[in-house]
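The numbering of the sequence shown is this note's numbering, which starts it at 346 and goes up by one. A virtual CB, placed ideally from N, CA and C, is assigned to each residue, including glycine.
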Amino acid sequence: MSDVGSARRAKDELKAKISGEPWCVGIGVEREDGVGFIVRVSVRSGGADAARAAIPDRIGGVLIKVIENDP
346 MSDVGSARRA KDELKAKISG EPWCVGIGVE REDGVGFIVR VSVRSGGADA ARAAIPDRIG
406 GVLIKVIEND P
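What follows is the structure, encoded as structure tokens:
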């Protein structure tokens with residue numbers, strides 16, 4: 346299970362990498378039962394494929410979850 350400090354560091358690393366992308370809406374840290382803290386990346390509708398290509402599944406053991414916003 347990942348701790349909040351590791352998740353925040355992963356968020357900051359990911360934010361520096363993708364925050365300027367047109368499909369990126371927001372990046373945050375949240376707690377998920379059974380997993381610990383994760384990084385949630387919200388992307389614009391239709392941008393999930395591009396986001397998944399640019400975003401790793403994990404950063405330093407922290408799970409990265411891509412969520413596509415509704416149109």
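Relative to Asp402, the option among Val349, Asp348, Lys356, Asp378 whose CA is nearest is Lys356. Looking at the DSSP output, Gly381 shares a beta bridge with Ser347, Glu377. The Cβ neighbour count for Val349, taken over all protein chains shown within 10 Å, is under 16; the residue is labelled exposed. Counted as a single uninterrupted DSSP element, the alpha helix (DSSP H) harbouring Arg397 occupies residues 393 to 399.
Looking at the backbone, the Cα of Arg397 and that of Ile412 are separated by about 10 angstroms.
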